[in-house]
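Participant: One line per chain: the protein sequences are X and Z, in this order.
Per our numbering, the first sequence starts with residue 69, numbered consecutively.
Per our numbering, the second sequence starts with residue 69, numbered consecutively.
Dropping the structure in here first, questions after.
There are 2 protein chains.
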Amino acid sequence: MPNGAQTLIRTLVKGGVEVCFANPGTSEMHFVAALDDVPEMRAVLCLFEGVATGAADGYGRMTGLPACTLLHLGPGLANGLANLHNARRAHSPVVNIVGDHALPHKPLDAPLESDIDALAGTVSGWVRRTTDGADLHLDATQAIIAASSGSDGAVATLILPADVSWSEPGPSHTAIAWLRSDEPGPVSEQAVTAAAKALRSGEPAAILLGGGATREAGLLAAARIAAATGAKLLCETFPARLERGAGLPEVERLAYLADFATAQLEGVKHLILAGARSPVSFFAYPGKPGDLVPEGCEARELAGAAEDVTASLQRLADEVAADVKAADVTPAARPRPARPTGPLTAESASQAIGALLPPGAVVVDEANTSGLWLPGVTAGAPRHDWLTLTGGAIGQGLPLATGAAVACPGRPVVCLEADGSAMYTLSALWTQAREELDVTTVVFNNGSYAILNLELEQVGAAAAGERARRLLDLSGPALDFVALATGMGVPATRATTAEEFTSQFERALAEPGPHLIDCVVPPVF
Amino acid sequence: MPNGAQTLIRTLVKGGVEVCFANPGTSEMHFVAALDDVPEMRAVLCLFEGVATGAADGYGRMTGLPACTLLHLGPGLANGLANLHNARRAHSPVVNIVGDHALPHKPLDAPLESDIDALAGTVSGWVRRTTDGADLHLDATQAIIAASSGSDGAVATLILPADVSWSEPGPSHTAIAWLRSDEPGPVSEQAVTAAAKALRSGEPAAILLGGGATREAGLLAAARIAAATGAKLLCETFPARLERGAGLPEVERLAYLADFATAQLEGVKHLILAGARSPVSFFAYPGKPGDLVPEGCEARELAGAAEDVTASLQRLADEVAADVKAADVTPAARPRPARPTGPLTAESASQAIGALLPPGAVVVDEANTSGLWLPGVTAGAPRHDWLTLTGGAIGQGLPLATGAAVACPGRPVVCLEADGSAMYTLSALWTQAREELDVTTVVFNNGSYAILNLELEQVGAAAAGERARRLLDLSGPALDFVALATGMGVPATRATTAEEFTSQFERALAEPGPHLIDCVVPPVF
């Protein structure tokens with residue numbers, strides 16, 4: 069008879085969950101032991117739970133399928149929450165398996181006891197504690213279904229008591245038949261008609277793309293609409309996965325800074341939300357509006373979570389842009405930047421990245437302020453995916469790249485990372501080394517939480533003195549990312565000129581396995 | 069007019085909160101800016117929130133006063149939760165300041181919005197969101213009072229919306245007068261009488277010490293009681309702060325492994341709980357009881373959270389051990405181990421630590437399996453404090469040592485750390501370097517989650533195969549803690565023989581500032 073852990077892993081594999089990003093503890097030991105019984109499940113050890121959850125997010129974004137995490141009790145889940153927050157904002161499918169004390173042990177309030185349910189509820193659309201092994205098959209299947217919803221609540225959390233894991237359950241109480249559907253979702257004709265009317269009104273309109281609309285089919289449909297109607301095309305500030313590069317129309321991202329975003333939307337009378345939420349500023353600033361929809365502009369949703377946004381865009385394109393074909397909006401090849409020379413700056417490093425980005429790259433962008441030039445210089449690159457910091461919780465880049473590399477063994481992963489953010493979840497590098505993942509990490513090492521120097525001014529606190537500035541400064545002592553990476557088994561080099569960076573980046577891309585470049589640049593702000 | 073942030077910091081300083089372990093973001097920028105207006109508040113930058121909260125725990129354990137943390141929204145709090153869990157189990161005073169979006173911004177569900185209250189509730193005995201700046205003085209004072217309760221709920225969390233921080237409040241709604249009291253707490257005569265009766269019953273008795281009872285006065289009173297009555301003296305498995313060494317009676321800690329703890333308590337008919345909770349096993353194991361109180365043994369509390377456990381022990385000692393003076397239970401000087409030679413193992417390294425531990429040391433112990441020999445070899449060391457992993461959430465040691473060093477600038481801090489646990493919050497080393505803290509870190513680098521190899525057997529999953537074992541293995545690639553430490557500005561050396569370790573440990577203690585020794589040892593299990 070299989071025990072609970074074996075039943076669970078078999079159910080997960082059957083439901084398409086084939087990778088487990090794990091940092092287990094005692095209460096998860098039977099799950100760990102069961103991995104040898106179910107070789108179809110690939111277990112990837114992470115040295116911190118925030119790496120495991122971020123990797124699951126990256127895997128989910130690139131495959132559309134949930135990975136599972138294996139986390140140890142409340143503290144293990146807590147350590148993984150920040151990247152689950154990002155995963156939730158990305159609508160990424162994730163199945164968390166959180167081990168818990170055996171059921172009779174819980175009332176004893178042992179040292180590691182804590183309120184797992186409360187923690188899980190902050191990031192999960194679906195939470196269940198299995199208290200009877202006979203329910204495991206059903207509960208795990210429902211977790212996978214919940215994770216596959218593509219909605220805000222696609223992070224599912226199954227709490228697994230140790231005794232449920234080690235006991236041999238009887239036959240499952242309920243078996244459910246469930247097949248992943250590849251059918252396109254429904255289209256709201258009413259929403260399409262309303263959007264078409266707005267676009268034909270003659271008043272300035274914009275389409276804000278997000279979610280599933282930032283992939284090839286959605287982008288082409290949106291570009292047709294824009295070409296036919298003159299609507300402005302924008303995409304959300306932090307898309308979960310934006311397809312870009314050769315053959316795809318370039319879409320401007322809504323700016324992170326509220327003032328710039330306001331300028332982008334100025335004068336717009338009709339805002340069509342295609343997979344994106346109505347835009348709000350990332351933070352509030354004294355005396356500035358948080359809602360970015362201009363006064364007098366009507367924002368309307370083309371497709372909600374229950375609808376298929378790509379199909380809706382295609383339907384709308386057929387309605388208002390029947391004469392414009394996809395080929396008409398497929399841009400000619402755009403120039404790529406030359407290999408840069410001279411001082412190494414965020415700008416010159418970005419030029420090198422734009423010059424060399426290989427075909428099929430998965431780019432993970434947590435470059436923050438140093439990333440300012442990246443969209444421009446990479447627009448002419450070969451086709452690639454761009455993954456961003458959807459929820460704003462830093463420390464996402466290295467784990468996300470790890471998961472993306474597990475998901476896409478044939479594709480080069482390029483992780484563009486800010487120094488401050490890198491320090492949150494740096495041990496992802498160790499997992500990259502262990503799993504021999506083809507990730508090239510560039511750390512923009514500017515010795516500063518540069519974004520906060522900017523924000524200090526934005527919030528009107530610019531008169532800050534020395535003690536305040538010191539809280540934003542990472543330069544004393546300087547972080548040596550070559551030492552940090554090599555300490556975890558990842559080959560690393562330091563670049564201090566544009567030429568050095570370019571040749572190091574080229575070499576790192578050419579060699580398989582992980583590499584890191586400590587890219588020493590001045591702060592942008 | 070001071071703004072909210074300035075009012076808050078002034079109130080904190082007035083209430084004895086003089087250190088802020090911070091990792092701020094945009095919503096905390098006015099707090100950061102206000103630091104220059106209130107120079108009495110020392111701000112210490114941490115590169116990850118788990119470092120900030122663990123440091124606050126260490127500071128609180130050593131001073132008895134709360135430090136504050138400064139955390140960025142829900143994700144920042146989430147990153148700090150695991151060490152707040154440990155702080156809660158240590159009854160450490162902590163005041164968390166968690167920045168939040170401006171109040172009008174919250175309904176917009178901006179990307180970083182999340183349920184801060186739910187997260188805070190899992191670790192805090194007191195949670196409040198200040199929505200009117202005029203309440204800030206009162207709310208901050210009440211947070212300090214809550215943090216000073218010495219109870220399970222001594223982690224207080226004040227949620228500070230950005231606009232409350234940046235606005236200039238009018239006069240405080242309420243001012244409260246509050247003075248920290250140094251008066252001893254009350255003693256329950258009834259509990260003392262009952263304990264005395266049990267101890268005089270002639271049946272085997274044991275006293276389990278915890279909380280405030282593990283300091284000099286409590287230990288001496290307990291030793292008098294034990295000497296007079298023959299009761300066995302034990303202390304909880306993971307004391308928050310245990311005073312040890314020269315002139316103090318050595319107290320056996322209750323074992324982590326349930327089998328050993330059961331043996332320690334076997335035959336006991338009366339268990340007096342002095343600041344400790346009734347003992348339960350850390351984890352449940354198939355077929356073993358979780359409650360460690362033997363069948364037929366009566367456990368009774370001498371002093372609860374509302375009483376003064378030290379005064380209660382002294383009262384009980386006067387009752388049952390009036391003839392035994394403190395001098396009678398003050399042991400003669402105990403021998404210290406010789407400097408070890410030969411192969412470097414957890415045992416020989418521990419001998420070196422026992423041989424060299426300097427007077428007044430604060431020892432932070434997250435050595436896990438490698439720490440097996442530490443209590444024995446350090447019993448003859450000069451007077452020192454021993455701080456342990458109260459809540460079982462790993463990644464506590466380096467942050468705890470950081471906070472203890474900030475709290476005790478005149479004392480050497482020795483941090484004994486397991487490799488797996490070190491990787492959780494390694495960036496604490498950077499803060500140690502920046503603040504020039506006198507911390508000597510020993511990383512027992514055994515390339516393994518060795519405790520889990522043991523637990524795998526404990527839970528009866530010993531038949532685990534290669535894939536399971538690989539999830540407990542940290543050796544591929546090997547972690548190079550010399551590179552990792554130097555990458556963050558902490559001088560480091562690697563020891564591979566007992567002689568090397570001993571001389572490196574001696575040198576690290578002799579030099580001011582932080583040092584790390586990568587102590588390469590075979591796994592104990």
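By construction, the Cβ of each residue, glycine as well, lies at the ideal position given by its N, Cα and C atoms.
Go to Thr398/Z, then tell me how far its beta strand (DSSP E) extends in each direction, as first and last residue.
Facilitator: Taken as a continuous stretch (DSSP letters only), Thr398/Z belongs to no beta strand (DSSP E), as it is neither H nor E.
Participant: Pairs of beta-carbons, one from the region 576-588 of chain X and one from the region 494-510 of chain X, closer than 8 Å: are there three or more?
Facilitator: In short, these stretches touch, since the Cβ pair count reaches three.
Participant: Taking only the alpha-carbon atoms, compute the straight-line gap between Glu568/X and Pro467/X and give it to the nearest angstrom.
Facilitator: Each residue's Cα considered, the two are about 26 Å apart.
Participant: Using 8 Å as the threshold, is the region 143-162 of chain X in touch with the region 202-210 of chain X, meaning 3 or more CB pairs across them?
Facilitator: At 8 Å Cβ cutoff, the stretches do not touch.
Participant: Just checking: is the beta-carbon of Leu424/X within a distance shorter than 8 Å of some beta-carbon in chain Z?
Facilitator: No, no contact with chain Z.
Participant: Grab the span of the beta strand (DSSP E) containing Ala222/Z for me, first residue to last.
Facilitator: It is not in any beta strand (DSSP E) - Ala222/Z carries neither H nor E in the DSSP assignment.
Participant: Which word fits Thr190/X, buried or exposed, when buried means at least 16 other C-beta atoms lie within 10 angstroms of its C-beta?
Facilitator: Counting Cβ neighbours within 10 Å, Thr190/X comes out buried, since at least 16 surround it.
Participant: From the DSSP output, which residues share a beta bridge with Ala135/Z?
Facilitator: According to DSSP, which records beta bridges pairwise, Ala135/Z is partnered with Val162/Z.
Participant: Taking a cut of 8 Å between CB atoms, which residues from the region 489-500 of chain X lie near chain Z?
Facilitator: Those would be Met491, Tyr492, Leu494, Ser495 and Trp498, in chain order.
Participant: Examine chain Z for any beta-carbon lying closer than 8 Å to the beta-carbon of His159/X, and answer yes or no.
Facilitator: So no, His159/X is outside the interface.
Participant: Are Ala326/X and Gly278/X close, meaning C-beta to C-beta below 8 Å?
Facilitator: Cβ distance not < 8 Å, so Ala326/X and Gly278/X don't count as in contact.
Participant: Only counting the same chain, and skipping five residues up and downstream in sequence, which positions put a Cβ closer than 7 Å to that of Asp104/Z?
Facilitator: Cβ neighbours of Asp104/Z beyond the five flanking positions: none.
Participant: So, helix, strand or coil for Gly448/X, using DSSP?
Facilitator: The answer is coil: DSSP assigns Gly448/X none of H, G, I, E or B.
Participant: For Gly498/Z, which three-state DSSP category applies?
Facilitator: The amino acid occupying residue 498/Z in the given sequence is Trp; Gly does not appear at that position. Three-state result, Trp498/Z: helix.
Participant: Where does Arg156/X sit, in a helix, a strand or coil, going by DSSP?
Facilitator: If DSSP states are grouped into helix, strand and coil, Arg156/X belongs with the helices.
Participant: Comparing the CB of Asp177/X with every heavy atom of the ligand SAH, is any distance shorter than 7 Å?
Facilitator: Here there are no bound small molecules, and the ligand SAH is not part of this structure.
Participant: For Trp454/X and chain Z, any beta-carbon pair shorter than 8 Å?
Facilitator: Answer no: the Cβ-Cβ gap between Trp454/X and chain Z never drops below 8 Å.
Participant: How about Ala170/X: is its C-beta nearer than 8 Å to some C-beta of chain Z?
Facilitator: Judged by the 8 Å Cβ criterion, Ala170/X is in contact with chain Z.
Participant: Could one say the Cβ of Phe593/X lies closer than 8 Å to chain Z's Cβ atoms, at least one of them?
Facilitator: Taking Cβ atoms only, chain Z never reaches closer than 8 Å to Phe593/X, which makes this a no.
Participant: Grab the span of the beta strand (DSSP E) containing Val112/X for me, first residue to last.
Facilitator: Its beta strand (DSSP E) spans residues Arg110 to Leu113.
Participant: In the DSSP assignment, find the unbroken alpha helix (DSSP H) run with Asp548/X in it and report its ends.
Facilitator: That residue, Asp548/X, is in no alpha helix (DSSP H); it is neither H nor E in DSSP.
Participant: Can you give me the C-alpha to C-alpha distance between Gln464/X and Ala560/Z, rounded to a whole angstrom?
Facilitator: Going from the Cα of Gln464/X to the Cα of Ala560/Z covers about 29 Å.
Participant: Within a Cβ cutoff of 6 Å, which residues of the same chain sit near Ala600/X, ignoring the five residues on either side of it in sequence?
Facilitator: In this structure chain X extends from 69 to 593, so residue 600/X is not present and cannot be described.
Participant: Have a look at Leu322/Z and Glu387/Z and give me their C-alpha separation to the nearest angstrom.
Facilitator: About 26 Å.
Participant: With a threshold of 8 Å between beta carbons, is His173/Z in contact with chain B?
Facilitator: Any reference to chain B falls outside this structure, whose protein chains are X and Z.
Participant: Show which residues of chain Z have a CB atom less than 7 Å away from the CB atom of Phe512/X.
Facilitator: Within chain Z, no residue comes near Phe512/X; the closest Cβ sits about 16 Å away, beyond 7 Å.
Participant: With a threshold of 6 Å on Cβ separation, who are the neighbours of Ala314/Z within its own chain once the five nearest residues in sequence on each side are excluded?
Facilitator: These residues qualify, in order along the chain: Pro450 and Arg451.
Participant: Do Val377/Z and Gly286/Z have their CB atoms nearer than 8 Å?
Facilitator: For Val377/Z and Gly286/Z, yes; Cβs fall inside 8 Å.
Participant: By the DSSP assignment, the beta strand (DSSP E) with Asn513/X in it spans what residues?
Facilitator: Where Asn513/X is concerned, the enclosing beta strand (DSSP E) stretches over Val507 to Asn513.
Participant: If I'm right that Val260/X touches Leu180/X with Cβ under 8 Å, what's the distance once you round it to whole angstroms?
Facilitator: No, Val260/X and Leu180/X are not in contact; Cβ-Cβ is about 52 Å, not under 8 Å.
Participant: Which of helix, strand or coil does DSSP assign to Trp441/X?
Facilitator: Trp441/X: coil per DSSP, three-state reduction.
Participant: Helix or strand or just coil, what does DSSP make of Pro229/X?
Facilitator: Pro229/X: strand per DSSP, three-state reduction.
Participant: Along chain Z, in chain order, which residues have C-beta atoms closer than 9 Å to that of Val348/X?
Facilitator: What Val348/X touches in chain Z: His173, Leu176, Asp177, Ala178 and Pro179.
Participant: Between which two residues does the beta strand (DSSP E) containing Phe89/X stretch?
Facilitator: It spans Val87 to Asn91 - the beta strand (DSSP E) in which Phe89/X sits, taken as one unbroken run.
Participant: One question on the structure: do Arg479/X and Ala447/X come within less than 8 Å of each other, judged by their Cβ atoms?
Facilitator: Cβ atoms of Arg479/X and Ala447/X: not closer than 8 Å.
Participant: Which residue marks the beginning of the beta strand (DSSP E) containing Lys300/X, and which one marks its end?
Facilitator: That run of the beta strand (DSSP E) goes Lys300 to Cys303.
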